[in-house]
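Single-structure report; data block below.
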Amino acid sequence: MSDGRFDLVGRPRRRVDGRGKVLGETRFADDLTLPRMVHMKLLRSPLPHARIRRIDASEAEAHPGVLLVLTGKDVPGEYGILPVSQDETALAVERVRFVGDPVAAVVALDEATAADALALVEVDYEPLATIATPEEALTTPEPRIHAYGEEGNVHKRAAFEFGDVEEALAGADLVVDGVYSYEGNTHLPIEQHASLAAVEKDGHLTLWSSTQCPHYVHRALQKVLDLPAAHIRVVATPNGGGFGGKSDVFNHEMVAAKAAILLGRPVKICLTREEVFYCHRGRHPVKMRMRTGVKNDGTLVGMTLQTLLDGGAYGSYGVASLFYTGALQTVTYRVPRYRFEGCRVFTNKPPCGPKRGHGTPQPRFAQEIQLDTIAEKLGMDPAELRLKNVAEPNSLTANWLRIGTIGLAECIRRVVDASDFTGRHRKLPHGRGVGLACSSYLCGAGLAIYWNKMPQSGVQLKLDRSGLVTVFSGATEIGQGSDDVLVALVAEILGIEPSDVRAVTGDTDLTPVDLGSYSSRVTLMMGNAAIQAAERARALIAEAAAKRLDIPRERVGFGGRRVFDVEDAGRGLAWREALVAAEEMHGTLGTVGSYTPPRAAARFKGGGVGPSAAYSYSAAVVEVEVDPATGWITVPKIWIAHDIGRALNPVSVRGQVEGSVYMGLGEALMEEQAFRRLPARLSGALVHKFPSLLEYKSPTTHDMPDVETVLVEDPDPAGPFGAKEVGQGPLLPIMPAVSNAVYDAVGVRIHEVPITPDKVLKALDDRARGGPGRYGPDGFPDVEWPEALRVPPPWEGGDGNATNDPERKRAAKLEKVKRT
Amino acid sequence: MIRLPRFSYRAPRSASEAAAILAGEGPDAALLAGGTDLLPNMKRRQQTPRTVVALRGISALRGVRNGSGLTIGACSTLTEVVRDGRVRREFAGLWQAAAQVATPHLRNMGTIGGNLCLDTRCTYYDQSLEWRRAIAFCMKKDGTTCWVAPGSPRCLAVSSTDTAPALIALGAKVRLESAGGDRLLDVADLYRNDGVRYLARRPDEILTEVRLDPADGIRSTYWKLRRRGSFDFPVLSVAAAARLAADGTVESARIVLGAVASRPLVAADAAHALRGGTLTDGAIRVASAAAAKLAKPMDNTDFTLHWRKRVAGEIVALALREIRGDDVRPDRLRLARHGLDSAGI
Amino acid sequence: MSDSPSMASERARARFRVNGEPVDALFDATKTLLEVLREDLDLPGTKHGCELGECGACAVLVDGEPVLSCLALALECEGRDVVTVEGLAERGELHPLQAAFADLGGSQCGYCTPGFLVTAAALLERRPDPTREEIREALSGNLCRCTGYNQIFESVEEAARLLRARRTEEPA
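Chains as they are written, first to last, in numbering that gives the first Met the number 0: chain W, 0 to 819; chain B, 0 to 344; chain X, 0 to 171.
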């Protein structure tokens, strides 16, 4: 890079890990083997809810080839990804909470023997009442699935009000009030989770695992195994897809580590596809009620949102998921007053957690459909309505989120133009339609999941006379291209080629801490840390080169594997010569960089979920054909524009956009984490309806339409060279855009995801009978909301604190003490 | 990784050798052709045969031969069937059915005989041993209740073969060989409406070939309803075949519904209604309604049963319109998610 | 391999070719080709996503045709010719499909990639200039959760161009 011009950034390139992947040489967790390695399988609960009376493993232990059987009492330590939800154990200690909850582990010489021996473990269960739905959870306080939580089976509730929203709605010319439902769905990475644990020659434990967050696994292992963190190493193997599904800490990781320690042999486990469905941590099913008020000219005046989340059997990231359902409504459009009330409950199903978009696709679905309805009622063009309300750059939202750059208006204009939305919306023949929707997503959560003041991402650089630069980062390559971003940024700043840089990533022994590949945080956080480290290295080299070339440091340029005089480019040093000079001057070369997100503007309790250094924006137009006789939906084409800030590698960026569109379309049309409850008088069973790749419908090549992708580049000062996230945001507009397009095609509103032909047909029937022509939930369940924390929006005064928080004064005092 | 259970493997060189093994082993033996049905079932412990009798080595069971009509060796892969020009030209319904089975990879492995003998399917049954244990098993395997309809005296698992409805519509026969001799059976008679004992084939018999009479001007078609453009089994399928006179009069007709019962259902009344008339919109409407009446889908496949029931008539109508000569390619494209023309590539 | 019964506890033997090299393998008789490739022949490039024939991750070529190694008994590969992803590159030089997938975003996480590559290789053998529709069909047994497929289609098209150009350069 020289004079602000880029050599690498912005150019389509083969990603640095591309060669290994196409050669089949990338080693995923299950590809690893070690001498004397043995195999583990987990016995999982066949009951949705039961107390364990007794476990007899003697027969399994005696089975030829079996080395070890573990049960809950052998690994009793509690853990959980969030400090407030330490509700998991590696194996069930006295209670199982869903079909698939791990109960025992068998380690044997080979996997088949371990699998056979599972059947020999006898477990005596005392069945407990099954809680299958959020409605049941609300009305069934006993038995409690967990002893903690707010009360009964309510895990957590939240309520915030930013300004007097009822007053705002009373002054609106139009208020649209709707209830919506979003079915759960799962990540479905093609790679099944796998882990390999071994005690290495220095006596330290190493766990190789398909995890997005080695740092969090490291913390959990330390707690569960009661070992010093410094004696545990977690290596994140390249993930064969993550999408959030490998960002939690899993039972099998804990148990494999324990077994490796007890046996003194490497222990491997690879989950079956069915087990991956039980790990889940996927999209929460959410019921929603949303009210939006507007003036006749389309100006938004206020919005209320209620969400009820079906959390499944454990906490997971669920408290964060809950807050996220209420966090980002205000980031796309200016909402002057806003109230959010949310509730997460426990049910006897695999735990829900973060899937691509984490907590935000569900309310986005409601919001973007509601805007479509408003536009129609006001006789406005849906694009015009949105453009009118687009949030301001460099502004604060009603809930105190600080927006930086916002390319949303440009995104809307670009997709509207590309798809001829205005020329076709409400104008296509019956059975064909187009729908528009928009979204936003954060570029990394402003707060770590555990309270600390340390950097969220660290990068180290090692450089030496060989010319090689090694860059160390705790970030994890999950397919999104983080290794490529890391290498490209370093190479760009140092004026060398990506092949001159080797990335070492996701290894808690070797790499500085990065919180993990989740929350769309890596490009921004790791990227900024990498830039800082690389610029520090550049300064060291520049100093040495300046001396050698006898020019002022400011005149030293980097590029083309040379370090040169920018005023006389022919005078310079080859890259290796420059490194020799730098080593001579400074001694052994190494630099570090780190990144800590800016402090959030919000001060109120719960305001920690939502703030981010930057927000990405997307707009999508989906075209559909709907057969009025069958409800069959065909999607011929999708247009999407994404505000990426700056595309570091356009090939990867487009891949993330279109991969998001793909996953969004799957959610919109066919993916569903569905459950089957047998007739209660005959059986207490509550099972995953189809834990298989066949029946969980992931779109095939024949189901994927052409996608026209537009990248909007408005560099954000907070991002590395202006880059923002792309891994999650572009998924969000697809589901509401499909719903809006179906409405445009056949005039019925589908207020539930997935949008399936049977629902379309039911809505058409409803309209034929003189009804509103809608399919969706009838109402919102009765939730007892807590008193809302009242936080005046920035334009109504206040300082981001709640005016009615009893803990506030105490907290403020504490904060003061901390800072001094 | 899911592992296969233990079994002994036999690889006979001829059909008679295979028949002799079956005669000796009885119902504890399973025939292995392409493996795409048996091996997943074995991995899920739905079938745990003591002996697996592999038919791969019997070259006589492969290939499409001319004779009076067409004879297709039962171990011909579905890809071989799809790539056969005669099948495509003369037996469009069979071609369309074979072209829509599963995926190209599975068609490269799976055979037409295997597809005809495909185990009945059910979302309560096509599950791992552990999953089925969680529902205390079902009538089809290791249990007593049919969870699809707990009052049902018989198993309601669904006939999910694509090629059977097409072959029944075409009036095809199959040859069954055993140590005791062989017999020809109408494909229509190969099936029973019982999810457990869904085949009239005796355990000691081997389905060795499929016989088709000369097409002789019969037009045929196959329509398959499923969620995705590949992989999925049908949730409803319609095969139709008819001979039309020059003036369009229906001389003979057969309509067969798949995936709505434990066997393919022959819609005799609907076909009868068409005979002697022309395929007017009205006639198609009447026949479609009559055929759809037969469909009694249950809640054990993808999609809701009400919707499957509801749209059955629409799919029958599409099949009949194609027989009439309408250009239904756009409908095919939307429903199948692709035009089928590239199948067998 | 006659019809002598072999129990699972026993080892089976099969001789076949893998990536052009002869293999004489001893393995548990109930193992699938997938298991033998990964566990007995040290070829972990072939992946697995379900082991039930529902994803295409384990696709390999047997006698030139894409099949699912998770549903093929290894002992039925006797005498046959197996190609895995490890067999596509020649002396370290990427196959045009590999180069195109790497350059054009055809591979993201890389896990489904081996299955896509061998399947596409078989397509280009049969059809050097496939249409987009033919590519969709040929790859319709491979699931990818990362890409949304369009960059995969473009990669196959680019590789087809490269291969055709190479063929015209080297008249046989």
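For every residue, glycine included, the Cβ atom is placed at its ideal position computed from N, Cα and C. What you are looking at is a predicted structure, and each value in this text was computed from that prediction instead of being measured.
For the stretch 98 to 109 of chain X, list every residue whose C-beta sits within 7 Å of some C-beta in chain W, in sequence order.
F100, A101, D102, L103, G104, S106, Q107, C108, G109
Going along the chain, which residues of its own chain have a beta-carbon closer than 8 Å to the beta-carbon of W/R675, five neighbours each way excluded?
A684, L685, V686, H687, K688
So is W/E150 buried or exposed if we call it buried at 16+ other beta carbons inside 10 Å?
exposed
Supposed contact pair X/C76 and X/F61 - C-beta distance, whole angstroms, cut 8 Å:
A small fix is needed here, since residue 61 of chain X is Val in this sequence, not Phe. Their Cβ separation, rounded to whole angstroms, is 7 Å, which keeps X/V61 and X/C76 in contact under 8 Å.
Using a Cβ cut-off of 8 Å (strictly closer), state whether X/A7 contacts chain B.
The pLDDT assigned to X/A7 is 41, lower than 50, so where the model puts this residue is not dependable, and the model offers no usable value.
Do three or more CB pairs link the stretch 78 to 89 of chain B to the stretch 98 to 110 of chain B at distances below 8 Å?
As far as the Cβ criterion goes, the stretch 78 to 89 of chain B touches the stretch 98 to 110 of chain B, which means the pair count is three or higher.
Taking Cβ positions, are W/A613 and W/I639 nearer each other than 8 Å?
no
Under a three-way DSSP split, which group does W/F420 fall into?
Helix, per DSSP.
If we count the other Cβ atoms within 10 Å of its Cβ and call it buried at 16 or more, is W/A228 buried or exposed?
With fewer than 16 other CB atoms across the displayed protein chains lying within 10 angstroms of its CB, W/A228 is exposed.
Cutoff 6 Å; reference W/R431; Cβ partners in own chain excluding five residues on either side
Around W/R431: E624, A744.
Of the residues that make up the stretch 26 to 47 of chain B, which ones have a beta carbon closer than 7 Å to any beta carbon in chain X?
G34, T35, L38, P39, K42
Are the C-beta atoms of W/R13 and some chain B residue less than 8 Å apart?
No, because no Cβ of chain B sits closer than 8 Å to the Cβ of W/R13.
Tell me, which residues are paired with B/W222 by DSSP?
B/V237
Please identify the residue among W/A111, W/D765, W/E190, W/D73 whose C-alpha is closest to the C-alpha of W/K40.
Ranking W/A111, W/D765, W/E190, W/D73 by Cα distance to W/K40 puts W/A111 first.
Beta-carbon gap between W/G335 and W/A382 smaller than 8 Å
Residue 335 of chain W is actually Pro in this sequence, not Gly. It is not a contact, given that the beta carbons lie outside the stated cut-off.
According to DSSP, simplified to helix, strand and coil, what is W/S456?
strand
Could you give the residue range of the beta strand (DSSP E) that holds W/Y215?
Looking at the DSSP string, W/Y215 is not in any beta strand (DSSP E); the run it does join, the alpha helix (DSSP H), is 213 to 224.
Taking C-beta pairs closer than 7 Å, name the residues in chain W that B/I1 reaches, listed in chain order.
T271
Proximal residues of chain B, C-beta to C-beta of X/V66 below 7 Å:
By Cβ distance, chain B contributes H104, N107, M108.
Which of helix, strand or coil DSSP assigns to W/E844:
An answer regarding residue 844 of chain W cannot be provided, because it is not within the stretch 0 to 819 covered by chain W.
Taking a cut of 9 Å between CB atoms, which residues from the stretch 131 to 164 of chain X lie near chain B?
E132, E133, I134, R135, E136, A137, L138, S139, G140, N141, L142
Please compile the residues from chain X whose C-beta is within a distance smaller than 7 Å of the C-beta of W/S697.
L142, R144
May I ask you to list the residues that DSSP assigns as paired with X/F15?
X/V22
Grouping DSSP H, G and I as helix and E and B as strand, with all else coil, what is W/L462?
strand
Limits of the alpha helix (DSSP H) - the one that B/C145 falls within:
No alpha helix (DSSP H) contains B/C145, which DSSP labels as neither H nor E.
Can you find the residues in the same chain that come closer than 6 Å, C-beta to C-beta, to W/R653, ignoring five residues on each side of it along the sequence?
T708
Return the first residue and the last residue of the alpha helix (DSSP H) that X/D102 is part of.
95 to 103
Using a beta-carbon distance cut-off of less than 8 Å, what residues from the stretch 204 to 216 of chain W approach chain B?
none
8 Å is my cut-off, CB to CB: does B/H337 come that close to chain X?
Contact of B/H337 with chain X is assigned, a C-beta pair being separated by under 8 Å.
Can W/E496 be considered in contact with the ligand FAD, in the sense that its beta carbon sits closer than 7 Å to one or more heavy atoms?
Only the bare structure without any ligand can be found here, which leaves the ligand FAD out of the picture.
Could you tell me which residues DSSP puts in a beta bridge with W/Y38?
Looking at the sequence itself, residue 38 of chain W is His, so the reference to Tyr does not match. Note: W/H38 sits in a beta bridge opposite W/A107, W/K267.
Contact criterion: CB-CB distance below 8 Å. Does B/L77 meet it with respect to chain D?
Within the model displayed, chain D is absent; protein chains W, B and X are what it includes.
According to a CB-to-CB cut-off of less than 8 Å, which residues of the stretch 682 to 707 of chain W neighbour chain X?
S691, L692, L693, S697, T699, T700, H701, M703, D705, V706
Please name the residues in the stretch 309 to 330 of chain B whose beta-carbon is closer than 8 Å to at least one beta-carbon of chain X, in chain order.
Flagged: no residues at all.
Using 8 Å as the cut-off, can you tell me whether the stretch 626 to 638 of chain W makes contact with the stretch 114 to 134 of chain X, which would need three or more C-beta pairs spanning the two stretches below that distance?
With a cut-off of 8 Å, the stretch 114 to 134 of chain X and the stretch 626 to 638 of chain W do not count as touching, because too few Cβ pairs lie within range.
Smallest Cα separation from B/F232: which of B/R49, B/T144, B/V86, B/A97?
B/A97
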